[in-house]
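Using this note's numbering, the first residue of the sequence shown is number 4, and each one after it goes up by one.
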Amino acid sequence: MGQIIIIEDNQGLLSVLSTGLKKYTNIEPFPREDAEDAIDLLKILPGIKLIITKNKIGNDETAKILCEYIKKNNLPTKLVVNGPVNESLGDSHFIVSTDGDYEQILFNSFKVLNIPLDDIRKRNITDYVSVKTSIYKYLDFIPADTFIRLKKPDGSDYYLRCYHHGDKDKLESIESYITQGVENFFIHEEDEVRFYNVFSDCLTQILEIQHIPLKKRLDTMADAYDTFSPLVVKWGLISCLVQMYDDLISSAKIALEMHHFIPMVYSQIEKENYSYNFKNFMNLSGAFFLLGRQNFSDLFKEVDKLMGVAIFHDIRLKGQQAMILSLRELREAKYNAIEEEIILDHARDAAEILKDEYAFPLDMSKIIREHHGDHSGIGFPIPPKETIGHLSKVFLATEMFLKELYETKDTPDMEKLQKSLNEDIYKKIINQLYLIFSGRK
Ligand SMILES: [Fe+2]
Ligand SMILES: [Fe+2]
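Quick look at the structure:
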């Protein structure tokens, strides 16, 4: 089938094209910077059948230079050009593609390589995965062909394309889908990682602005958080998820530095209908932030780490599952056996995700494992094991205090808390939290 050169300075498009070509032709294309770079390779490999190139790279008239070289040396190479080309050069060496349309570029490339299109159509039937409609509002452009799922009269599904990859001008219509109650769009499974790469880049741009209103910051973070968690469980910490994690931590810090956690951030969170896990992450973060700045100066340098634990610790739990902090509560909630096991083991399983991730502080995984009081990360021992680490104890006491606060709304039952947490460190933490949160109203 021959070899292929790609000259493309848009890294996203380059990776889509390379993946598409590899998938259907089993050829690993050679990426090259510009015309000169490609000609150096043509001198060694004059039999190259196809060059996919942008019409111009910077000031380099890439397509024109290559065409002249191919003609002059009578090479069998054909060009598929991304973007407009000088007409005087248009002959059989060219198939001009639409600007940036990767499907068109691939389609023309397959024609050049004599790959039967029926074959491709057959193989092109891919699985669809859902993406929350609400997160499209953060995107600058549509990063993947996007479909809505409809039902045929016989009950089977079919997918109708509503956006093309690269669309920029249709983002306002997203709102109308949301208003119509379309909760999920669908994309091809093979586009999923690229989709979330673009999503995380767009989030970074929004969240790094210092002066966005608090409500907008929290709404964006809540959507980011609820997107991040199931993806981490599914993929582990791939780079776009590490980027989302960094964005969540730095944005939480901006919120806490620019606004008083008590009462501002806390009361804003109370007002909104955020997921329990996001609300708990923000309130834990606010509590650690203030503990570190008040009586517990030894915690000051540990705040980032504890906020990181707050993000990950219940990552495998959904909905109200994360509210369970004791075996009695677990039994009363009457989950089925599979769910019960997930809840019992969630601390251990969340710790496993971080165990070999050297970009994160070493003891983060340990604190996550111990956040319900046992070294194994299984179960909810009361009282917690005395031998768990100091930061694990800080985390555990803070989370128990917060839960008591959510449930009682008014006055946390300090006696009840002190009964289940019998060491001095716990008493100190919950007494200080009591003082901090008494200013919340
Ligand atoms: Fe938790
Ligand atoms: Fe937990």
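Yeah, the Cβ is synthetic: ideal placement off N, Cα and C, and Gly gets one too.
{"Check": "Determine the closest residue to GLU211 out of THR401, ILE68, LYS256 and GLU275, with distance taken between C-alpha atoms.", "Outcome": "LYS256"}
{"Check": "Going residue by residue through the segment 9 to 74, where are the continuous beta strand (DSSP E) segments of at least 3 residues, counting only ones entirely within it?", "Outcome": "53 to 57"}
{"Check": "Would you say the beta carbon of HIS2 comes nearer than 6 Å to a heavy atom of ligand 2?", "Outcome": "Since the first residue shown for the chain is 4 and the last is 444, residue 2 is missing from the structure and cannot be characterised."}
{"Check": "Give me the Cα-Cα distance between VAL312 and TYR361, rounded to the nearest whole angstrom.", "Outcome": "15 Å"}
{"Check": "Just the C-alpha distance for ASP170 and GLN14, rounded to the nearest angstrom, thanks.", "Outcome": "17 Å"}
{"Check": "For LEU78 versus PRO34, is the C-beta spacing smaller than 7 Å?", "Outcome": "no"}
{"Check": "Span of the beta strand (DSSP E) holding GLY83?", "Outcome": "The sequence as given places Val at residue 83; Gly does not occur at that position. Looking at the DSSP string, the run of the beta strand (DSSP E) that includes VAL83 is 81 to 85."}
{"Check": "I believe THR223 touches LEU206 by the beta-carbon criterion, under 8 Å. Please report the beta-carbon distance rounded to the nearest angstrom.", "Outcome": "7 Å"}
{"Check": "So PHE188 and THR136 are in contact, right, with Cβ under 8 Å, and what is the actual spacing, rounded?", "Outcome": "5 Å"}
{"Check": "For LEU438, count neighbouring C-beta atoms within 10 Å of its own C-beta (all shown protein chains included) and say buried if the count is 16 or more, exposed if not.", "Outcome": "exposed"}
{"Check": "With a threshold of 8 Å, are at least 3 pairs of Cβ atoms found where one atom belongs to the segment 391 to 399 and the other to the segment 365 to 375?", "Outcome": "yes"}
{"Check": "So, ARG443 versus ILE265, is the Cβ gap smaller than 7 Å?", "Outcome": "yes"}
{"Check": "Taking the straight line between their C-alpha atoms, what separation do you get for ARG126 and TYR27?", "Outcome": "Residue placement at ARG126 cannot be trusted, given a pLDDT of 47 that sits under 50; the coordinates are not used to answer."}
{"Check": "What are the boundary residues of the alpha helix (DSSP H) that includes HIS393?", "Outcome": "393 to 411"}
{"Check": "Considering only the alpha carbon of each residue, which of LYS59, ALA38, ILE60 and LYS422 lies closest to LEU69?", "Outcome": "ALA38"}
{"Check": "With 16 as the cutoff for other CB atoms within 10 Å, does TYR161 come out buried or exposed?", "Outcome": "exposed"}
{"Check": "Would the beta-carbon of GLU11 be found less than 6 Å away from any heavy atom of ligand 1?", "Outcome": "no"}
{"Check": "Out of LYS430, TYR409, GLN213 and GLU410, which has the shortest C-alpha to C-alpha gap to GLU418?", "Outcome": "LYS430"}
{"Check": "Which term fits SER232, buried or exposed, when burial requires 16 or more other beta carbons within 10 angstroms of its beta carbon?", "Outcome": "buried"}
{"Check": "Could you check whether ILE55 and VAL83 sit closer than 7 Å to each other, using their CB atoms as the reference points?", "Outcome": "yes"}
{"Check": "With a threshold of 6 Å on Cβ separation, who are the neighbours of ASN425 within its own chain once the five nearest residues in sequence on each side are excluded?", "Outcome": "PRO386"}
{"Check": "For HIS167, is the classification buried or exposed, using 16 other Cβ atoms within 10 angstroms of its Cβ as the cut-off for buried?", "Outcome": "exposed"}
{"Check": "Exposed or buried, what is VAL235 when buried is set at 16 or more other beta-carbons lying within 10 Å of its beta-carbon?", "Outcome": "buried"}
{"Check": "Which same chain residues, not among the five before or five after LEU420, have their C-beta less than 7 Å away from its C-beta?", "Outcome": "MET403, PHE404, GLU407 and ILE433"}
{"Check": "Counting Cβ pairs closer than 8 Å, one from the segment 241 to 258 and one from the segment 214 to 221, do we hit at least three?", "Outcome": "yes"}
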